[in-house]
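Asker: According to the working numbering, the residues represented by the sequence shown are 3 to 285, in order. Where is the CB? At the ideal position from N, CA and C, for every residue including glycine. Computed from a predicted model, the values in this text were never measured in an experiment.
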Amino acid sequence: MFGYVKIYKPELKVKHYEAYKGVYCSLCKTLKKEYGVFASLTLNYDFTLLALTRLAFAEECCGFTDSRCVYNPLKKCQQCVNGNEELKYSAAAAMIMCYYKVADDIADSSFFKGLAKRMLKPYFAIKRKKAKKKYPELDEIISRAMQKQSETEKRKETSVDIAADPSAKAMGEILCCGFEGEAKEKLNRFGYLVGRWVYLVDALDDMEDDRKNNSYNVFNNINKREKEARDYAVGAINLTAGQLVREFENLNPARFSEIMENIVYDGLHNSMKEILNKKEEEK
3 MFGYVKIYKP ELKVKHYEAY KGVYCSLCKT LKKEYGVFAS LTLNYDFTLL ALTRLAFAEE
63 CCGFTDSRCV YNPLKKCQQC VNGNEELKYS AAAAMIMCYY KVADDIADSS FFKGLAKRML
123 KPYFAIKRKK AKKKYPELDE IISRAMQKQS ETEKRKETSV DIAADPSAKA MGEILCCGFE
183 GEAKEKLNRF GYLVGRWVYL VDALDDMEDD RKNNSYNVFN NINKREKEAR DYAVGAINLT
243 AGQLVREFEN LNPARFSEIM ENIVYDGLHN SMKEILNKKE EEK
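(1) Give the secondary structure of L198 by DSSP, where H, G and I count as helix, E and B as strand, and everything else as coil.
(2) Throw me the rounded Cβ distance for the Y22 and I261 pair, which I believe falls under 8 Å.
(3) Identify, in the order they occur along the chain, each residue of the same chain with its Cβ nearer than 6 Å to the Cβ of S69, setting aside the five sequence neighbours on each side.
(4) What do you get for D163, buried or exposed, if any count of 16 or more other CB atoms within 10 angstroms of its CB means buried?
(5) Excluding sequence positions up to five away, which residues of its chain have a Cβ less than 8 Å from the Cβ of C71?
(6) Determine, using beta-carbon pairs with one atom in the region 187 to 197 and one in the region 127 to 143, whether at least three such pairs fall under 8 Å.
(7) Taking all protein chains shown into account, decide if F250 is buried (16 or more other Cβ within 10 angstroms of its Cβ) or exposed.
(8) Tell me the residue span of the alpha helix (DSSP H) that contains K129.
(9) Counting C-beta neighbours from all protein chains within 10 Å, is the total for R227 16 or more, i.e. buried, or is it exposed?
(10) By how many angstroms is the C-alpha of D233 removed from the C-alpha of D286?
(11) Quick one: Cα of N74 to Cα of F59, how far?
(12) By Cβ distance below 8 Å, which residues in the same chain neighbour S169 in space, the five residues on each side in sequence not counted?
(13) Using DSSP's beta-bridge definition, name the partner residues of Q80.
(14) With distances taken Cα to Cα, identify the nearest neighbour of D212 among S111, N264, S161, E13.
(15) Would you call T160 buried or exposed, if buried means 16 or more other Cβ atoms sit within 10 Å of its Cβ?
(16) Is E276 helix, strand or coil when you go by DSSP?
(17) Alpha helix (DSSP H) containing Y267: first to last residue?
(18) Going straight from the alpha carbon of E230 to that of K280, what length do you get?
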């Protein structure tokens, strides 16, 4: 999966870092409890933001208590006292997304390159079925987005707005599902921009591989020259990040605002910087 939407630890206070880890660990335990040990290995930072944001707008404060790590019982961690529904919702979204991502990777790969994913697909199909039974609206949102994304790629779309729209819409709908009124509207817009940013930064990360494999990448389609395509990608990503900052300022979460601010202001920029630095090192 992705995992680009993460905190920037050097700029985060210790108490806020511990709270972030508490949400991360709680989601990990929820994945294990609901879908098995292997499912918890699929956890990444993007789904942690989903859980964090929904918990930030939940009516009841989740609170934390001391606990132990699932994989290292000697290691202490924090665990949410409340907020089980939001954690279960985020875990279900992770399982459904994993299934469709594996299916999409198989469709885009040759038989032998996709062999490992073919072996994993039955497992994720079972977990997706369980998640879909609990949250049918989630499966509908994600399956619709994957279908539209596939159609966009088949058309070799050269518009960044059109190419990123299915993923962006899906994230917006996932984030605001179940909320009402002004909160729903704000979360939808915030989620849309998060989804758009993730799509674009993933395309930036995959540019060289997609160019070599002749796979679809909206930035490569816009400009065949590598440097120009990368510069265009950085500009589009920074523009989206700027829009995300403005949307966050209108969000007014009930809790975890410092953590979300760190992610939006520092974490996103650092993730893109890491990608660009990695590419320079490879060269």
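Answerer: By the coordinates alone:
(1) Checking the displayed sequence, the identity of residue 198 turns out to be Arg instead of Leu. DSSP places R198 in helix when its eight states are reduced to three.
(2) 5 Å
(3) C79, Q81
(4) exposed
(5) C27, K77, K78, C79
(6) no
(7) buried
(8) 117 to 136
(9) exposed
(10) Absent from the structure is residue 286, since the part of the chain shown begins at 3 and ends at 285.
(11) 31 Å
(12) A147, Q151, G197, R198, V200, Y201
(13) D68
(14) S111
(15) exposed
(16) helix
(17) No alpha helix (DSSP H) holds Y267; DSSP gives it neither H nor E.
(18) 18 Å
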